[in-house]
Amino acid sequence: MSYLLHLETATTNCSVALSQNGNLLHCIENNEADFRHSDHLHLFIEQLLNKAQIQAKQLSGVTVSMGPGSYTGLRIGVSSAKGLCYANDIPLIAVNSLEVLAAAYTAQDDDILMPMFDARRMEVYALVLNAQKEVIQPTQAIIITPDSFQEFQSQGRLVFFGNGAAKCKGVIPSANTLFIDELQLPSARNMVALATTKFEANITEDVAYFEPFYLKDFYTNMPKI
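Each residue of the sequence shown is one higher than the last, beginning at 1424 in the working numbering.
Below, the structure is given as structure tokens:
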């Protein structure tokens, strides 16, 4: 019997799920714009373990959403995941945050999936998947212009979702496109299948050296002298 804990902190949605043998048991999440993940994450973990009446040492592994996403959110999630793995000598599994978002969408045969997170100005972090959710263009930082994704426009319907998709409206040609406005943020509940596949294939990370996939350097304003 395998229990996996799933931590999704790449966006404003602080989300924790627990699965057993590939089946979702419980999920707790809270979406706040001010990124209070450090206040919520460990409380949510404790609540889920208590609901399942298990202890952390009974976990078979911990899954973390690796990015791209918020620098602060990713650091909090990865630090917590690594701490649990170190303390309980269990494996760390990492999944792409945009793949987690895409896992919530049921694709049609000709769909080309465009999950994306908002970045700066007209920039997004985007991943391109086919209807089977296989990667056809890896995660990139992209500045949205009318020419963005034109190489995929003849391959099928372009399906845009995530909190960066609004930047494409009115910019990307509208023929054969679909915007899923209600699908904005990833949830830990959609990490289960991705994580279970990796766990069963023994695809894990080096706990000591694993770092989040920030995609870009962290930016801050320099103090004025």
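Beta carbons are placed, not taken as given, at the ideal position from N, Cα and C, and that holds for glycine.
Note that this is a predicted model, so its numbers are computed, not measured.
Any idea which residues DSSP pairs N1613 with across the strands?
Here the question's residue 1613 lines up with position 190 in the sequence shown. Beta-bridge annotation (DSSP): N1613 is not paired with any residue.
Per DSSP, F1458 is paired with what?
By 1-based counting over the sequence shown, the position of residue 1458 is 35. Answer is none; F1458 lacks a bridge partner.
Taking Cβ to Cβ, would you say V1485 is nearer than 7 Å to C1508?
Taking the first residue of the sequence shown as position 1, residue 1485 is located at position 62. Taking the first residue of the sequence shown as position 1, residue 1508 is located at position 85. Taking 7 Å as the Cβ cut-off, V1485 and C1508 qualify as a contacting pair.
Under the assumption that M1539 contacts G1587 (Cβ atoms under 8 Å), give the Cβ distance between them as a whole number of angstroms.
As a position in the sequence shown, residue 1539 is number 116, starting the count at 1. As a position in the sequence shown, residue 1587 is number 164, starting the count at 1. Indeed they touch by this definition, with Cβ atoms about 4 Å apart.
Taking all protein chains shown into account, decide if V1501 is buried (16 or more other Cβ within 10 angstroms of its Cβ) or exposed.
Residue numbering aside, residue 1501 sits at position 78 when the sequence shown is read from its first letter. Taking a 10 Å sphere around the C-beta of V1501, we find 16 or more other C-beta atoms and assign the residue as buried.
Stretch-stretch touch, CB-based, cutoff 8 Å, three pairs: the stretch 1458 to 1478 with the stretch 1518 to 1526:
No, because fewer than three Cβ pairs between the stretch 1458 to 1478 and the stretch 1518 to 1526 fall closer than 8 Å, the two stretches do not touch.
From the DSSP secondary-structure annotation, give me the bridge partner or partners of S1438.
What you label residue 1438 is simply residue 15 of the sequence shown in a count that begins at 1. Per the DSSP secondary-structure output, S1438 pairs in a beta bridge with E1431, E1452.
What are the boundary residues of the beta strand (DSSP E) that includes A1564?
By 1-based counting over the sequence shown, the position of residue 1564 is 141. Residues 1558 to 1566.
Beta-carbon proximity of A1475 to L1430, cut-off 7 Å:
Against the sequence shown, residue 1475 aligns to sequence position 52. Against the sequence shown, residue 1430 aligns to sequence position 7. Going by C-beta atoms, A1475 is not nearer than 7 Å to L1430.
Give a yes or no on whether the C-beta atoms belonging to A1433 and G1506 are separated by under 7 Å.
Counting from 1 along the sequence shown, the entry for residue 1433 is found at position 10. Counting from 1 along the sequence shown, the entry for residue 1506 is found at position 83. If you check the CB distance, A1433 and G1506 do not come in under 7 Å.
Could you tell me how far apart the beta carbons of L1423 and A1564 are, in whole angstroms, since I believe they sit closer than 8 Å?
The question about residue 1423 has no answer, for the chain in this structure spans 1424 to 1648.
Are the beta-carbon atoms belonging to I1513 and L1581 less than 7 Å from one another?
By one-based count along the sequence shown, residue 1513 stands at place 90. By one-based count along the sequence shown, residue 1581 stands at place 158. Not closer than 7 Å, so no.
Identity of the residue in L1448, Y1548, A1611 nearest M1537 by Cα
As a position in the sequence shown, residue 1537 is number 114, starting the count at 1. Of the candidates L1448, Y1548, A1611, the one whose C-alpha sits nearest the C-alpha of M1537 is Y1548.
By Cβ distance below 7 Å, which residues in the same chain neighbour M1545 in space, the five residues on each side in sequence not counted?
In the sequence shown, residue 1545 corresponds to position 122, counting from 1. When the five nearest sequence neighbours on each side are left out, the beta carbons in the same chain lying within less than 7 Å of the beta carbon of M1545 are those of I1566, I1567, K1590, in order along the chain.
Using the Cβ count rule (16 or more neighbours within 10 Å means buried), how would you classify A1611?
Along the sequence shown, read from residue 1 onward, the residue named residue 1611 stands at position 188. A1611 comes out buried.
Identified DSSP bridge partners for N1446
Locating residue 1446 in the sequence shown gives position 23, counting from the first residue. Paired residue(s): Q1443.
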